[in-house]
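In what follows, a structure is listed as structure tokens, so that the remarks can point back to it.
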Amino acid sequence: MPSIALPGVTLGYADDGDGPPVVLLHGHPFDRTMWRPQIQRLVRAGYRVVTPDLRGYGASLLTPPVPVTTFERHVLDLTALLDHLGLDRFVLGGLSMGGQLALECYRHLGDRLDGLVLAATSARADSPEVRAQRLALADALPQDGIDGHAAALGARLLAEDSARALPSTVKHVWRMMCQTSPEGAAAALRGRAQRDDHVDLLGRITVPTLVVVGTDDVLTPVAEAELLAERIPAATLAVLDGVGHLPNLENEVGFDDRLVAFLREHAHSQYHCGRNQPTDTPCDTRHRSR
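Our numbering applies: residue 295 is where the sequence shown begins, and numbers increase by one.
Have a look at this one:
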């Protein structure tokens, strides 16, 4: 797996396919493999897909562990990775924490974005109660380990029907959570608790934005997605029935169909991947830069 050496971490990432670039940010406490179905579909559709392991997650272990990983630190990491890969223009997407981080990236990198994809996420900062819970969890994780947190969170992630019907997805989600470093997760949780409120930013977002949410998401309910779609001027809202907090894994086809349609309309045209090409037809990749 490729990686880039950065202060305090060797950041792992995957870089698949050719064509207009799409960068996807995972949620907590997962890793880049949560985007595996989307990577396969988007590569077939003629896109280049970059999926980093965020600092403290997956292969991007903290060296040495630090108390907090701020959103600003994540943005610096992503900027360094994008520059390393020569990505001047791209569509940026994220799910849950990854969506919150995508909004923070827009504040710093908005002039490089062709579009945003915000899935199962919220623009609001933590309430005092949620912030206190997040910080208490961060304090407990290094000593208690990740399994208890994974069990408690896992019970709320998937819609009931998804949990029954998708045993391989349940296994994948559990594996991602249990392989997450407790120290890395704790540092990221503290940084997430400190993040800015992005509600005021929404009206200033000028790029096309796809907002995706499941009807059965108890962690970021439909109302949070509706706020995003109402405040972002060029937003489109996609609500997936019977889906919980992981729409990209619970309804891969529905999620991917909406994502590909959005990219066909808005991904950068310099790669000769026109909106009139049929879905899943590879595009001309002669202009790819590495």
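From the three backbone atoms N, C-alpha and C, an ideal C-beta is built for every residue, glycine too.
Answer with yes or no whether the minimum CB distance from residue i to chain D is below 8 Å.
| i | result |
| --- | --- |
| residue 349 | Going by chain labels, chain D is absent from the structure shown, which holds only one protein chain. |
Residue i: buried (16+ other C-beta within 10 angstroms of its C-beta) or exposed?
| i | result |
| --- | --- |
| residue 455 | exposed |
| residue 512 | exposed |
| residue 569 | Here the model assigns residue 569 a pLDDT of 30, short of 50, so the residue's position is not dependable, and the following value carries that caveat. The residue is exposed, with fewer than 16 neighbouring Cβ atoms inside 10 Å. |
| residue 503 | buried |
| residue 357 | exposed |
| residue 497 | exposed |
| residue 278 | The requested residue 278 does not occur in the structure, where the chain is confined to residues 295 to 584. |
| residue 391 | buried |
| residue 349 | buried |
| residue 528 | exposed |
| residue 559 | exposed |
| residue 240 | In the structure displayed, the chain extends from 295 to 584; residue 240 sits before or after that span and is not available. |
| residue 335 | buried |
| residue 450 | exposed |
| residue 453 | buried |
| residue 481 | buried |
| residue 572 | Note on residue 572: pLDDT 35, under 50, position unreliable in the model; no value is reported. |
| residue 461 | exposed |
With the cut-off set at 8 Å, would you say residue i and residue j are in Cβ contact?
| i | j | result |
| --- | --- | --- |
| residue 309 | residue 337 | no |
| residue 501 | residue 519 | no |
| residue 429 | residue 443 | no |
| residue 399 | residue 375 | no |
| residue 514 | residue 539 | yes |
| residue 419 | residue 491 | yes |
| residue 546 | residue 315 | no |
| residue 306 | residue 295 | yes |
| residue 325 | residue 347 | yes |
| residue 389 | residue 475 | no |
For my contact list, residue i and residue j are in at a C-beta cut-off of 8 Å; report their separation, rounded to the angstrom.
| i | j | result |
| --- | --- | --- |
| residue 328 | residue 320 | 5 Å |
| residue 299 | residue 554 | That pair is no contact at about 34 Å. |
Whose C-alpha, out of the options, is nearest the C-alpha of residue i?
| i | options | result |
| --- | --- | --- |
| residue 537 | 463, 347, 375 | 463 |
| residue 588 | 416, 441, 480, 367 | Given a span of 295 to 584 for the chain in the structure shown, any question on residue 588 remains unanswerable. |
| residue 541 | 465, 415, 503, 354 | 415 |
| residue 352 | 467, 532, 539 | 467 |
| residue 533 | 426, 460, 373, 413 | 413 |
| residue 524 | 449, 335, 417, 318 | 417 |
| residue 370 | 385, 396, 427, 324 | 396 |
| residue 530 | 411, 426, 453 | 411 |
| residue 561 | 385, 421, 472 | 385 |
| residue 458 | 507, 544, 480, 422 | 544 |
| residue 472 | 451, 461, 445 | 445 |
| residue 489 | 424, 549, 547 | 424 |
| residue 333 | 318, 389, 394 | 318 |
| residue 393 | 507, 548, 551, 559 | 507 |
| residue 402 | 450, 367, 304, 552 | 367 |
| residue 304 | 478, 449, 313, 450 | 478 |
| residue 526 | 535, 499, 552, 548 | 499 |
| residue 552 | 387, 448, 461 | 387 |
Taking 7 Å as the cut-off, is the CB of residue i close to at least one heavy atom of the ligand COA?
| i | result |
| --- | --- |
| residue 444 | Within the structure as shown, the ligand COA is missing, as the structure has no ligands at all. |
Discussion item. Would the region 342-354 count as touching the region 432-441 if we require 3 or more Cβ pairs under 8 Å?
Written reply: no
Worksheet entry | At least 3 beta-carbon pairs within less than 8 Å: the region 405-423 vs the region 369-389 | yes
Worksheet entry | Segment contact, 8 Å Cβ cut-off, at least three pairs: the region 355-369 with the region 479-495 | Yes, the region 355-369 touches the region 479-495.
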